[in-house]
Amino acid sequence: ELKVEQNPLFLSMQEGKNYTIYCNYSTTSDRLYWYRQDPGKSLESLFVLLSNGAVKQEGRLMASLDTKARLSTLHITAAVHDLSATYFCAVDYRDSNYQLIWGAGTKLIIKP
Amino acid sequence: NAGVTQTPKFQVLKTGQSMTLQCAQDMNHEYMSWYRQDPGMGLRLIHYSVGAGITDQGEVPNGYNVSRSTTEDFPLRLLSAAPSQTSVYFCASSSNSANYGYTFGSGTRLTVV
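Just so you know, the sequences run in chain order A and X. For reference, each letter of the first sequence is one residue, going 1 to 112 in the numbering used here. For reference, each letter of the second sequence is one residue, going 1001 to 1113 in the numbering used here.
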């Protein structure tokens, strides 16, 4: 069974702190995506990770992919209130006809 | 470049009614998908298409039909709406080259009463 597990599911943190969201998946894939969703809005693409060891950074967010461990991380550095949102990871299994398998999402609240 | 366009944005249906959610993309993407998102959950795949004339079922296909007569359009039909279909529906598209992720439409918030 294809599974994607995110943790934590809920995270409340202070501005200026660092934290990491984890995304574990059950079956090998070389493609993983991170999305951001604000309340009542659509999903915004943050990172596209296409190979083992891929690391991408955008502002205070950095994502990495370890395909051997079947693990991706989304690291937040010196959090600011504007990063409050729900973050999803999704694993691409299109070659296996399963399309995207999603994590349940991490609701991130950053307190000023 | 409009990306992925979904209509309508909001819809209220009575139980038993049928309707079509529209999805169009102008990026010449081969892959198109429909997802539903329920509160506190991730997205679940309803149907998907890997090209014009080709569709397949996802995780939760019951009660929904799709067709893909053109590359651009991928409508989702609710055959006989039920309260369990109250949800937010997202259409997404992606290129076959897989160098990019999926682009999402703005969503349709559907309530079945």
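C-beta: ideal position from N, C-alpha, C; glycine also.
Contact annotation: S1087(X) and D1026(X) have beta-carbon atoms that are not nearer than 7 Å.
Residue pairing by DSSP places Q99(A) opposite Y93(A) in a beta bridge. Take the alpha-carbon of S84(A) and the one of L32(A): they are about 22 Å apart.
Bounds of the beta strand (DSSP E) holding E5(A) are V4 to N7.
Cβ contact annotation for T1111(X) (same chain, cutoff 6 Å, sequence separation greater than five): V1012 and T1086, in chain order. Contact check for H1029(X) and S1069(X): beta-carbon distance about 15 Å, past the 8 Å limit, so the pair fails to qualify.
Apart from the 5 residues on each side of it in sequence, E1072(X) sits with its Cβ closer than 7 Å to the Cβ of A1024, Q1025 and D1026 in its chain, given in chain order.
Counting of Cβ neighbours within 10 angstroms places D92(A) among the buried residues, the total reaching 16 or more. Proximity of the region 1055-1062 of chain X to the region 1098-1105 of chain X falls short of the contact definition, fewer than three beta-carbon pairs being nearer than 8 Å.
Runs of the alpha helix (DSSP H) lying entirely within the region 27-87 of chain A and spanning at least 4 residues: none are present. Listed in chain order, the non-local C-beta contacts of N18(A) below 6 Å within the same chain comprise T77, local neighbours out to five positions each way being set aside. Taking CB atoms only, G1101(X) has a neighbour in chain A less than 7 Å away.
L1076(X) and T1020(X) have their C-alpha atoms roughly 6 Å apart. Those residues of the region 1003-1033 of chain X placed with their C-beta closer than 8 Å to a C-beta in chain A are Y1031 and S1033, ordered along the chain.
DSSP places Q1085(X) within a helical segment (H, G or I) once states are collapsed to three. With respect to chain X, the C-beta atom of G16(A) has no partner C-beta closer than 7 Å.
At a cut-off of 7 Å between C-beta atoms, G103(A) counts as an interface residue with respect to chain X.
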